[in-house]
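>
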Amino acid sequence: MLVIGACAGRLVGIAATHFIMEHDYPLPTSTEGFTPDSPWTWIDPGAFALVGAGAFMGGVTRLTISLSVIMMEISNDIRLLPSVLVSILVAKAMADMCTHALYHALLEIKCVPFLPGEPNASVSPDLLHVTSVMRSPVVCIKEVDRVQYIKTVLRDTGHSVFPVVRSTNNGQVFVGTIARDHLKVILRRLATLPIGAALDVTYEDLQMRQVSQADRDYVADQEMALLHDIPVAAVDPEADGGSQVRQRLANGHAGRTAADEGVVDLRPYMNTSAPSVLDTFSVERAYMMFRTLGLRHLVVVDAVNHIVGIISRQDLLGYCLDDAISKAQRKGEL
Numbered sequence: 073m074l075v076i077g078a079c080a081g082r083l084v085g086i087a088a089t090h091f092i093m094e095h096d097y098p099l100p101t102s103t104e105g106f107t108p109d110s111p112w113t114w115i116d117p118g119a120f121a122l123v124g125a126g127a128f129m130g131g132v133t134r135l136t137i138s139l140s141v142i143m144m145e146i147s148n149d150i151r152l153l154p155s156v157l158v159s160i161l162v163a164k165a166m167a168d169m170c171t172h173a174l175y176h177a178l179l180e181i182k183c184v185p186f187l188p189g190e191p192n193a194s195v196s197p198d199l200l201h202v203t204s205v206m207r208s209p210v211v212c213i214k215e216v217d218r219v220q221y222i223k224t225v226l227r228d229t230g231h232s233v234f235p236v237v238r239s240t241n242n243g244q245v246f247v248g249t250i251a252r253d254h255l256k257v258i259l260r261r262l263a264t265l266p267i268g269a270a271l272d273v274t275y276e277d278l279q280m281r282q283v284s285q286a287d288r289d290y291v292a293d294q295e296m297a298l299l300h301d302i303p304v305a306a307v308d309p310e311a312d313g314g315s316q317v318r319q320r321l322a323n324g325h326a327g328r329t330a331a332d333e334g335v336v337d338l339r340p341y342m343n344t345s346a347p348s349v350l351d352t353f354s355v356e357r358a359y360m361m362f363r364t365l366g367l368r369h370l371v372v373v374d375a376v377n378h379i380v381g382i383i384s385r386q387d388l389l390g391y392c393l394d395d396a397i398s399k400a401q402r403k404g405e406l
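For what it's worth, our numbering labels the leading residue of the sequence shown as 73, then goes sequentially.
(1) Taking the runs of the beta strand (DSSP E) that are 3 residues or longer, which of them lie wholly in the region 211-242?
(2) What residue range does the alpha helix (DSSP H) around residue 413 cover?
(3) Quick test of the definition: if touching needs 3 or more C-beta pairs under 8 Å, does the region 165-179 touch the region 355-368?
(4) Following the continuous alpha helix (DSSP H) through residue 272, name the residue where it begins and the one where it ends.
(5) Tell me which residues share the same chain as residue 130 and place their Cβ nearer than 6 Å to its Cβ, disregarding the 5 neighbours each side in the sequence.
(6) Starting from the Cα of residue 272, find the closest Cα among 341, 252 and 217 and give me that residue.
(7) If we count Cβ pairs, one from each stretch, closer than 8 Å, do we get three or more for the region 221-239 versus the region 247-264?
(8) Here's the rule I'm using: 16 or more other beta-carbon atoms within 10 Å means buried, otherwise exposed. How should residue 392 be labelled?
(9) Report the residue from 346, 149 and 144 whose alpha carbon sits nearest the alpha carbon of residue 361.
(10) Give me the residue from 338, 380, 359 and 145 with the minimum Cα distance to residue 216.
(11) I believe residue 355 touches residue 202 by the beta-carbon criterion, under 8 Å. Please report the beta-carbon distance rounded to the nearest angstrom.
(12) Nearest to residue 243 by alpha carbon, out of 81, 383, 220 and 376?
(13) Go through its chain and collect everything with a Cβ distance to residue 255's Cβ below 7 Å, but skip five positions before and after it.
(14) I'd like to check one pair, residue 194 with residue 394: are the Cβ atoms closer than 8 Å?
(15) What number of angstroms, rounded off, separates the C-alpha of residue 128 from the C-alpha of residue 173?
(16) Specify the secondary structure class of residue 123 as computed by DSSP and reduced to three states.
(17) Would you give the residue range spanned by the beta strand (DSSP E) that residue 348 belongs to?
(18) Given that a residue counts as buried once 16 or more other Cβ atoms are within 10 Å of its Cβ, and exposed if not, what is residue 384?
(19) First and last residue of the alpha helix (DSSP H) that includes residue 141?
(20) For the alpha helix (DSSP H) containing residue 258, name the first residue and the last one.
(21) State the start and end residues of the unbroken beta strand (DSSP E) segment that holds residue 335.
(22) Measuring CB to CB, does residue 150 end up less than 8 Å from residue 144?
(23) Hey, residue 200 and residue 379: beta-carbon distance below 8 Å or not?
(24) How long is the line joining the alpha carbons of residue 205 and residue 125, rounded to whole angstroms?
(25) Starting from residue 354, follow its DSSP beta bridges and name the residues at the other end.
(26) Assign residue 381 to one of three DSSP states: helix, strand, or coil.
(27) Just grab the DSSP bridge partners of residue 207 for me.
(28) Sorted by chain position, which residues of the same chain lie with C-beta nearer than 7 Å to residue 73's C-beta, five sequence neighbours on each side aside?
(29) As a quick exercise: from 191, 184, 348 and 171, pick the residue whose alpha carbon is nearest that of residue 390.
(30) Leaving aside the five residues before and after residue 182 along the sequence, list all residues of the same chain whose C-beta is less than 6 Å from its C-beta, in chain order.
Structure representation (structure tokens):
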């Protein structure tokens, strides 16, 4: 960005020099010992290049003060600070009028569900209930559930978080959530324990991240084996991730293990601080919760704490809100 802006700025500087030459204005000369009395001695294509580099990068990244400091550190010429700062501010203002910043565009390319400061909707989302944007029914897991059921849920769904419910006299009530990655860690640890041994998974184990590609391949191989009921002991750590497991699946070697018939207690590992809202909650206030709390999921419950739906960031994007508003208008709710 700096090189492109510098090239464009230098071209403008050279064009300005040629323009003055064509109009026979007095120009500075390189004759030794002679300083011409000309009002155009300030023209320097290098100065235009510095101003152009700052303006181009400012228009792309929308940086202002920090970019001005960077340009001054590059040039070591404080005299050009006002010109560079003005060019950056003008470029940023013009770019804001046309489109959003580069980093916002990269988020769209990578399909990251970024929520802007204000909801992009034609009608105020404060008039909608969260039931108009939530997804239902929800795949839930019990506090103490069968290992085989958890494997089936992980294998058949792609959700990153699952609500955890407790069975009571009033039905199954919401008590927390558990992440998909945490369930995988628990299953991996459970598969290596003897039958009947106590499960001991620490917080550090749940938050563990594999850094090397070999570790990630091995863990992926283990997870595929677990979800398809292949004994983890049959997985070779030196094999390519997933290749031998796929071969065993093709040969029909998958089958239930003894651990699959047992149950696992998820109460020590679930997130009991997961927020939830009533089904009459406003969409705009749910949007504010996602923005201020950095949420990825929000569980929707009824008056007796039964789960009726779940909201993710994707459900609050502009086009989803417009669809919900259109449906509400057709039903006469708005």
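Glycine residues also receive a C-beta, built at the ideal position from the N, C-alpha and C atoms.
On a predicted model such as this, the values are computed, not experimentally measured, just so you know.
Walking through what the data contain:
(1) For the region 211-242, whole beta strand (DSSP E) runs of length 3 or above, ordered along the chain, are 216-218 and 233-240.
(2) Nothing about residue 413 can be reported from this structure: the residues present for the chain run from 73 to 406 only.
(3) Too few Cβ pairs lie closer than 8 Å, so no.
(4) Neither: residue 272 is in no alpha helix (DSSP H) and is coded neither H nor E.
(5) For residue 130, where only same-chain residues beyond five positions count, the Cβ hits under 6 Å are 139, 160, 163 and 164.
(6) Ranking 341, 252 and 217 by Cα distance to residue 272 puts 341 first.
(7) Contact between the region 221-239 and the region 247-264 is present, because at least three Cβ pairs lie under 8 Å.
(8) It is buried - the Cβ of residue 392 has at least 16 other Cβ atoms within 10 Å.
(9) For residue 361, the nearest C-alpha among the options comes from 346.
(10) Nearest option by C-alpha distance: 338.
(11) Contact flag correct, Cβ pair sits at about 6 Å.
(12) The candidate whose alpha carbon is nearest that of residue 243 is 376.
(13) Result list for residue 255: 222 and 226, in chain order.
(14) Result yes, Cβ atoms of residue 394 and residue 194 sit closer than 8 Å.
(15) Taking the straight line from one Cα to the other gives about 12 Å.
(16) Three-state DSSP puts residue 123 in a helix.
(17) Per DSSP, residue 348 is one residue of the beta strand (DSSP E) stretching across 348-350.
(18) Buried is the call here.
(19) Membership of residue 141 in the alpha helix (DSSP H) is indicated by the continuous run 137-147.
(20) Bounds of the alpha helix (DSSP H) holding residue 258 are 252-263.
(21) 335-337 is the extent of the beta strand (DSSP E) around residue 335.
(22) Yes.
(23) At a Cβ-Cβ threshold of 8 Å, residue 200 and residue 379 do not count as neighbours.
(24) Cα to Cα, residue 205 sits roughly 45 Å from residue 125.
(25) Per the DSSP secondary-structure output, residue 354 pairs in a beta bridge with 201.
(26) In the structure shown, residue 381 sits in a strand (DSSP, three-state: E or B).
(27) Residue 207 pairs with 382.
(28) Its chain contains 128, 129 and 132 as the residues whose beta carbon lies nearer than 7 Å to that of residue 73, once the 5 sequence neighbours on both sides are disregarded; these appear in chain order.
(29) Put simply, of 191, 184, 348 and 171 the residue whose alpha carbon is nearest the alpha carbon of residue 390 is 191.
(30) In its own chain, leaving out the 5 sequence neighbours on each side, no residue places its CB closer than 6 Å to the CB of residue 182.
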